[in-house]
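Line by line, the protein sequences are chains G, D and B.
Residues 2 to 126 in this note's numbering are what the first sequence lists, from first letter to last.
Residues 52 to 299 in this note's numbering are what the second sequence lists, from first letter to last.
Residues 1078 to 1208 in this note's numbering are what the third sequence lists, from first letter to last.
Glycine included, C-beta positions come from ideal geometry on N, C-alpha and C.
A quick write-up on the structure given underneath.
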Amino acid sequence: MQNTISQPKAGESYLLWFIKIVSGLLIVVILFIHFLVNHYLAPEGLLSHAEVVAYYRNYPIVPIMEGFFLVFVVSHSLIGTRSILLDLNPKKAVMRIIDALLVLIGLVATGYGIWLLFAVINWGA
Amino acid sequence: MSEEKWTVNFVVYRKKGEGEPHYQTFTLEVSPDEYVIDGVERIWAFHDRSLVFAHACHHSTCGACGMRVNGVEKLTCITRIRDVTTNGGTLRIEPLRNFPVISDLVVDMSRLYVGMDKVHAPAVHPLSMAPLEGEGIKPPREVPMDDGKEYLRLADCIECGLCISACPIAGTAEEYLGPAVLAAAQLQGLNRAPDLTAIVDCVDGVWRCHSAYECTAVCPSNVDPGWRIMDLRRQVLAQRIRRWFGAA
Amino acid sequence: MENPEKKPNTRGIWDWFDPRGRKVGGWGFILNRLSAIGLTVYLYLHLVMLGKLAQGPEAYDSFIAFAKQPLILFGEILVIIGGLYHGLNGIRIALNSFGVGVNAQKQLLYGVLTLTIVGSLIFGLRMIAAH
Chain G
2 MQNTISQPKA GESYLLWFIK IVSGLLIVVI LFIHFLVNHY LAPEGLLSHA
52 EVVAYYRNYP IVPIMEGFFL VFVVSHSLIG TRSILLDLNP KKAVMRIIDA
102 LLVLIGLVAT GYGIWLLFAV INWGA
Chain D
52 MSEEKWTVNF VVYRKKGEGE PHYQTFTLEV SPDEYVIDGV ERIWAFHDRS
102 LVFAHACHHS TCGACGMRVN GVEKLTCITR IRDVTTNGGT LRIEPLRNFP
152 VISDLVVDMS RLYVGMDKVH APAVHPLSMA PLEGEGIKPP REVPMDDGKE
202 YLRLADCIEC GLCISACPIA GTAEEYLGPA VLAAAQLQGL NRAPDLTAIV
252 DCVDGVWRCH SAYECTAVCP SNVDPGWRIM DLRRQVLAQR IRRWFGAA
Chain B
1078 MENPEKKPNT RGIWDWFDPR GRKVGGWGFI LNRLSAIGLT VYLYLHLVML
1128 GKLAQGPEAY DSFIAFAKQP LILFGEILVI IGGLYHGLNG IRIALNSFGV
1178 GVNAQKQLLY GVLTLTIVGS LIFGLRMIAA H
C-alpha cells in the first residue's frame, strides 16, 4: 500500500462524470420512447424482418433516434466500465491500454450500429 | 449500570507479524450496559496480555478504538454490548478494513492522515498555528448546527477511520482519498481553498465515490461524509462550469 | 512500525458485493454495480444479435423464433428489472450529486425499489402473457 499520496492523478474528472450522467439521463428518456415505439406502437412489436425494414423506411425519425440512442448507450457503458476498472487502482500503463481498447470498442460498436441501421433501411433496395 | 450479567463470547481477530490471521474466542461475563471496549480491555487485562488494540479517551473524542463489531464498523467506546449482541451471544471483533493490519486489532492509518494533511486538515497542528499565536487555525467554512441552532457536538471528524473501512471502494482503490478526507476538503470549501479543486477532481477524488453512503451510516461524529462528498461534487461542477463561461 | 509495502486488510472485489453489515445505501450500490455489469454484457450481446437484421429475413426471423424459449424470456425479464433499477437509481444518484435530496437518499432508494418492482411486474407479466 502506498502511504504517500502523489500529486493529483489525472485520468478522470468532472467532464467524464458529467458525460456519464447526461448520457444516462438521455438513455432513460430515449429508452422510454424506444419501448413505446418498438413494442407498443409498432403493430406486431417489430418481431419480423419485413416489419422492421418497413417501419424504419416509413418513419425515418425512428432510425435517427436509434442512432442517437446507440451513441449515448455506448458512451455511458464504456465510461461506466472505465469507472469500475479505475476502482481497481490500475497502473498508469495498464490504464493507457484499457483506454485505447475502450475507445476502439466504442468506435467499432458505433460504426457497426450505424452500418446496421443503413443496412436495414436499404434492405432489398 | 444495571446488575444484570450476560455471558458473551468475544471472537477476536488475531494476527502477529507475517503469521496467518485466526480467531480466538474468549468467554466473558459482562454487564450488557458496558461498552465493547470494556470487554476487549478485560481480555487484555485478565486473559491475554499479548492482545494489541488501540484506545485512549473512552468517550468518542480520540477516535482510536474503531473496530469492526459483528461485521460493522463501530467506535467501541460508545458501543454498548446490549446494542450489538444478546445474552449467550457472540461478538466478532475485527480490525478496520482497508488499512494494513499492524497487529491484532490495530491498523496503520497513514493513508487517512496523509490525505488529511493534503487537504489542509492535519491531525496535529504545529504550535505556531494555535489560536493564541498569529492568525490561528482557520475554522471550517461552515460549522453544522442542529435544528435548534446549537452547534453540533463533534461535527468535526475525529479521524477514527470507520468511514474508510466501511467504504466498499476504498479496499480496491488504494489511493482513493476516502470519505473523511473528502469531507475535510468540503469543510474547507473550494472557493476558500481553490488549490483543493485539482486534488479532489481527479481519479482518486470525488468521482471514486459510488454513493453507497456506508461512510455516513458508520460515522460516530455527525460528519455525514456522504452528504459532504455530494456537496463537494456540486462545488467542483459549479466551479468548472463557471470556468466554461470565462469566470475565474 | 510503519511498513509502506503492507497490503491493506481487504478482500478486494468481494467487498464490493458483500451485503453483510451493509445499510440501505450499500445495498443500493451493490444492485447498481450488478445491474451495470449485467446491462453492459447484454448491450453488446444485443448489438451482435441485431446483426441478424443485416443477414436477411431468414436469419432474423429464425433468431426471433429461437429467442422465444423460456430461458431467453427469463433473461429478458432480468434485463427489464436491471434496466429499470439502474435507470431509476441513476436519477437518484444524479440528483444527489447536484445536492438534491442527499438527506433523503434512503427514502429515494425505497422509491426506486418500489417503482422497479411495480414496473417489472407490469412489463414481466405482459411479456409472459404475450409469450
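Asked: D/L233 classed as buried or exposed, judged by whether at least 16 other C-beta atoms fall within 10 angstroms; Found: buried
Asked: 9 Å Cβ cut-off: residues of chain G touching B/P1134; Found: S49, H50, A51, V54, W124
Asked: Nearest neighbour of G/Y57, chosen from G/V29, G/F73, G/N39, G/V104 [CA to CA]; Found: G/N39
Asked: Collapsed DSSP secondary structure at B/K1084 in the structure displayed; Found: coil
Asked: For D/K67, the residue or residues it bridges with in DSSP; Found: None, per the DSSP bridge assignment.
Asked: Coarse secondary structure for B/G1196, derived from DSSP in three states; Found: helix
Asked: Nearest-angstrom Cβ-Cβ length linking D/G281 and B/G1176, presumed shorter than 8 Å; Found: First, the residue type needs correcting, since residue 281 of chain D is Met and not Gly in the sequence shown. At roughly 6 Å, the Cβ-Cβ gap stays under 8 Å, so D/M281 and B/G1176 are in contact.
Asked: Cβ separation of D/M118 and D/P146, assumed to be a contact under 8 Å, to the nearest whole Å; Found: 6 Å
Asked: Below-8 Å beta-carbon distance, D/S272 vs any chain B residue; Found: no
Asked: B/V1195 classed as buried or exposed, judged by whether at least 16 other C-beta atoms fall within 10 angstroms; Found: exposed
Asked: Interface flag, G/L108 vs chain B, CB-CB below 8 Å; Found: no
Asked: The region 1137–1154 of chain B in contact with the region 113–123 of chain G per 3-pair CB rule at 8 Å; Found: no
Asked: 6 Å CB neighbourhood of D/H106 in its chain, flanking five on each side removed; Found: I88, A115, C116
Asked: Three-way DSSP call (helix, strand, coil) for B/R1099 in this model; Found: coil
Asked: Buried or exposed (CB count within 10 angstroms, at least 16 for buried), G/G125; Found: exposed
Asked: D/R143 and D/V62 closer than 8 Å at C-beta; Found: yes
Asked: Start and end residues, alpha helix (DSSP H) containing G/Y57; Found: 50–59
Asked: Cut-off 6 Å between Cβ atoms - residues of its own chain near D/H109, not counting five sequence neighbours on either side; Found: C128
Asked: Continuous beta strand (DSSP E) stretch holding B/Q1132: start and end; Found: Here B/Q1132 belongs to no beta strand (DSSP E); instead the alpha helix (DSSP H) covers 1129–1132.
Asked: Rounded straight-line distance, which links the Cα of G/A110 to that of B/L1124; Found: 8 Å
Asked: Per-residue burial, B/E1135 [other beta carbons within 10 Å of its own, 16 or more giving buried]; Found: exposed
Asked: Coarse secondary structure for D/V254, derived from DSSP in three states; Found: coil
Asked: Beta-carbon proximity of G/L87 to G/E13, cut-off 8 Å; Found: yes
Asked: Proximity of B/V1179 and D/W57 at Cβ, strictly below 8 Å; Found: no
Asked: Cβ neighbour criterion (16 or more within 10 Å) applied to D/P77; Found: The residue you asked about is not Pro; residue 77 of chain D is Phe in the sequence shown. D/F77 is buried by the Cβ-count criterion.
Asked: Every unbroken alpha helix (DSSP H) inside the region 22–107 of chain G [4 residues or more]; Found: 50–59, 62–87
Asked: Segments of 3+ residues assigned as beta strand (DSSP E) that fall wholly inside the region 1120–1208 of chain B; Found: none
Asked: Between the CA atoms of G/K21 and G/V30 - distance to the nearest angstrom; Found: 14 Å
Asked: Segment limits, alpha helix (DSSP H) that includes D/Y164; Found: 161–169
Asked: Straight-line gap, B/I1213 to B/N1173 (C-alpha atoms, nearest Å); Found: This structure does not reach residue 1213 of chain B, given that chain B is present from 1078 up to 1208, and the question cannot be answered.
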